[in-house]
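A.B. asks: Going by the numbering used here, the first residue of the sequence shown is number 2, and it counts up by one from there.
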Amino acid sequence: MTSDPLAATAAYIDGLGGPALAKAAAYTAGNHWLLLWDLLVSVLVAWVLVRSGLLEQLSVRLARRGPALRAFAAGLLVFGLSALLTLPWSIYKDWWREQSYGRTSQPLGDFLLQGSIGMLISTLVTALFVVGVYALMRRTGQRWWLWSGGLTAATASVLLLLSPLLIEPIFNDYKPVPPGPVRDALVAMAQQAGVPAERIFVYDGSRQSNNFTANVSGLGGSARIAISDVAFKGASLDEVKAVTGHEIGHYVLGHVWRGVLLISAMAVGFFFLAHRLFPRFARAFGSKARIDDPAGLPVLVFVVSLFSLLAQPLFNTLSRVNETAADRYSLETVNLPDGLASALVKTAEYRNPRPQQLQEWVFYTHPSVERRVRMAMMWKAGQKPD
């Protein structure tokens, strides 16, 4: 590999070949258009739920029950029916399209089974969150949105704490990295970073996706680093070490906590806008409900979803900052720039490595693969020979 960082970067990216690069660009652009289609689908779902009158009927039936029960029942109805109404769209977007691009080999039956389980869990959890939101409205009045950040932080923290223990094992099988050179290397890296060696796992990510991926999840004692078996099957030792170094960087640098704080701060902003603009959106959908009435939940959900989409450039920018810091941590501690670069190129199969600058700023949660590989090559060029 050439010592010129720019030439080395170009060699890595061009090594994918023209057809693969074109396919990655088409897949990525399609994903961005799906955001708009998702918004249109959410408009349709909210309109159907409002016009159906089901929430008003539910309120009448539960009129003598407590407000918490009414809010919980409304949450179950809204999120359960939304999942059913969007099922054909979900099958197209998350299974058929992924199959057509070679990103998954999961049978449709397994996709539907796991999707049903995920829908039940998310509906229950979100309905409980809705109970908390309406409780804030009742108890804090016009300032309820200001307290929503605390509720969001508490909910996110509980989910992050429990997810590796109770939720993720439902969908995948997590096992300690098997004995051998890979485990020995990863254990040494974990010990050096103060990460418990027993918190590094390999999981059967190939069940859902053919993507080369790894992640860090959990909080405190439940925190762990998980590497998909796709990475283990198709990666060299240097690539696995470099990617694990990146994930350890997220763990050591506290990016999970940063994410909780960011989501909580954004929740305050989204709920404030919903508080101010709810009546206008309710009229547009034909709803007569007030914001503190669970009958208006479909409108509230849409408003928050809309502003969440509009805030994606900000969220993505902060995410890219964290990803860059994790890459730098891997380079500084593992010092395998070529291993990191070649591992990143594998992700370029499903993420256009050479987006336009505006496209990257608006849509990318990670810096472009080209930018990340160039950073690794510049790091390599800056190292003094022994």
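Cβ coordinates follow ideal geometry from the N, Cα and C atoms, glycine included. All values reported here derive from a predicted model rather than from experimental measurement.
Grab me the residues of V269's own chain with a C-beta within less than 7 Å of its C-beta, minus the 5 sequence neighbours each way, in chain order.
C.D. replies: Residue mapping note: residue 269 aligns to position 268 of the sequence shown, counting from 1. Excluding sequence neighbours, V269 sits near W146, L147, S149, G150.
A.B. asks: If you count every other CB in all the chains shown that lies within 10 Å of the CB of Q209, and 16 or more means buried, which is it?
C.D. replies: Start at 1 with the first residue of the sequence shown, and residue 209 comes out as number 208. Q209 comes out buried.
A.B. asks: Going by the DSSP bridge assignment, what does Y135 pair with across the sheet?
C.D. replies: By 1-based counting over the sequence shown, the position of residue 135 is 134. Bridge partners of Y135: none, in fact.
A.B. asks: Residues in the same chain with beta-carbon distance under 7 Å from V188, minus the five sequence neighbours each way, listed in chain order, please.
C.D. replies: As a position in the sequence shown, residue 188 is number 187, starting the count at 1. The residues are A198.
A.B. asks: What is the residue span of the alpha helix (DSSP H) that F213 lies within?
C.D. replies: Position 212 of the sequence shown, counted from the first residue, corresponds to residue 213. Neither: F213 is in no alpha helix (DSSP H) and is coded neither H nor E.
A.B. asks: Using C-beta distances below 6 Å, list every residue in its chain close to V131, excluding the 5 sequence neighbours before and after it, in chain order.
C.D. replies: For the purposes of this step, residue 131 is taken as the residue at position 130 of the sequence shown. Here the set comprises A72, G76.
A.B. asks: Pick out the complete beta strand (DSSP E) segments inside the segment 186 to 212, 3 residues or longer, and give them in chain order.
C.D. replies: You should have 201 to 204.
A.B. asks: Using only alpha-carbon positions, find the residue among L41, S53, R355 that is nearest to R375.
C.D. replies: Residue 375 sits at position 374 when you count from the first residue of the sequence shown. Per the Cα distances, R355.
A.B. asks: Alpha carbon to alpha carbon, how far is I201 from L238? Give it in angstroms, no decimals.
C.D. replies: In the sequence shown, counting from the first residue as 1, residue 238 sits at position 237. In the sequence shown, counting from the first residue as 1, residue 201 sits at position 200. Roughly 15 Å between the two C-alpha positions.
A.B. asks: Are I264 and A157 close, meaning C-beta to C-beta below 8 Å?
C.D. replies: Residue mapping note: residue 264 aligns to position 263 of the sequence shown, counting from 1. Residue mapping note: residue 157 aligns to position 156 of the sequence shown, counting from 1. Contact: yes.
A.B. asks: Rounded to a whole number of angstroms, what is the C-alpha to C-alpha distance between A296 and V302?
C.D. replies: Taking the first residue of the sequence shown as 1, we reach residue 296 at position 295. Taking the first residue of the sequence shown as 1, we reach residue 302 at position 301. Cα to Cα, A296 sits roughly 11 Å from V302.
A.B. asks: Classify K289: buried if its beta carbon has 16 or more other beta carbons within 10 angstroms, exposed otherwise.
C.D. replies: The residue you call residue 289 lines up with position 288 of the sequence shown. Flag for K289 reads exposed.
A.B. asks: For S369, which of helix, strand or coil comes out of DSSP?
C.D. replies: Start at 1 with the first residue of the sequence shown, and residue 369 comes out as number 368. If DSSP states are grouped into helix, strand and coil, S369 belongs with coil.
A.B. asks: Answer yes or no: do Y175 and D293 have a C-beta to C-beta separation smaller than 8 Å?
C.D. replies: Mapped onto the sequence shown, residue 175 falls at position 174. Mapped onto the sequence shown, residue 293 falls at position 292. For Y175 and D293, no; Cβs fall outside 8 Å.
A.B. asks: Taking L63 and L70 to be in contact with their CB atoms under 8 Å, please state how far apart those CB atoms are, rounded to whole angstroms.
C.D. replies: Position 62 of the sequence shown, counted from the start, is the residue given in the question as residue 63. Position 69 of the sequence shown, counted from the start, is the residue given in the question as residue 70. With a Cβ gap of about 6 Å, L63 and L70 count as contacting.
A.B. asks: Answer yes if the segment 76 to 87 comes into contact with the segment 44 to 55, meaning at least three C-beta pairs across the two stretches below 8 Å, and no otherwise.
C.D. replies: The segment 44 to 55 is in contact with the segment 76 to 87.
A.B. asks: Can you tell me which of the three DSSP states S106 falls into?
C.D. replies: Translated into positions along the sequence shown, residue 106 becomes position 105. Of the three classes helix, strand and coil, the one that applies to S106 here is coil, per DSSP.
A.B. asks: Under the rule that 16 or more other beta-carbon atoms within 10 Å means buried, what is L298, buried or exposed?
C.D. replies: Position 297 of the sequence shown, counting from 1, holds the residue named residue 298. Looking at its Cβ environment, which holds 16 or more other Cβ atoms inside 10 Å, L298 is buried.
A.B. asks: When DSSP builds the beta bridges, which residues end up paired with I171?
C.D. replies: Working through the sequence shown from its first residue, we reach residue 171 at position 170. Paired residue(s): none; I171 is not in a bridge.
A.B. asks: Is it right to say F272 is buried, meaning 16 or more other beta carbons lie within 10 angstroms of its own, or is it exposed?
C.D. replies: As a position in the sequence shown, residue 272 is number 271, starting the count at 1. Buried, by the Cβ-count rule.
A.B. asks: Please list the terminal residues of the continuous beta strand (DSSP E) segment that includes A227.
C.D. replies: Locating residue 227 in the sequence shown gives position 226, where the first residue counts as 1. Run containing A227: 225 to 229, per the beta strand (DSSP E) assignment.
A.B. asks: Can you list, in chain order, the residues of its chain whose CB lies under 7 Å from that of E371, leaving out five sequence neighbours each side?
C.D. replies: As a first step, residue 371 must be located in the sequence shown, where it is residue number 370. Closer than 7 Å at Cβ, skipping near neighbours: T10, I14, P354, R355.
A.B. asks: Is the segment 104 to 113 touching the segment 137 to 145, taking contact as three or more C-beta pairs under 8 Å?
C.D. replies: No, the segment 104 to 113 is not in contact with the segment 137 to 145.
A.B. asks: Please report the distance separating the alpha-carbon of L337 from that of S331.
C.D. replies: As a position in the sequence shown, residue 337 is number 336, starting the count at 1. As a position in the sequence shown, residue 331 is number 330, starting the count at 1. Rounded to the nearest angstrom, the two C-alpha atoms are 8 Å apart.
A.B. asks: Can you list the beta strand (DSSP E) stretches of 3 or more residues lying completely in the segment 247 to 328, in chain order?
C.D. replies: DSSP runs (the beta strand (DSSP E)) wholly in the segment 247 to 328: none.
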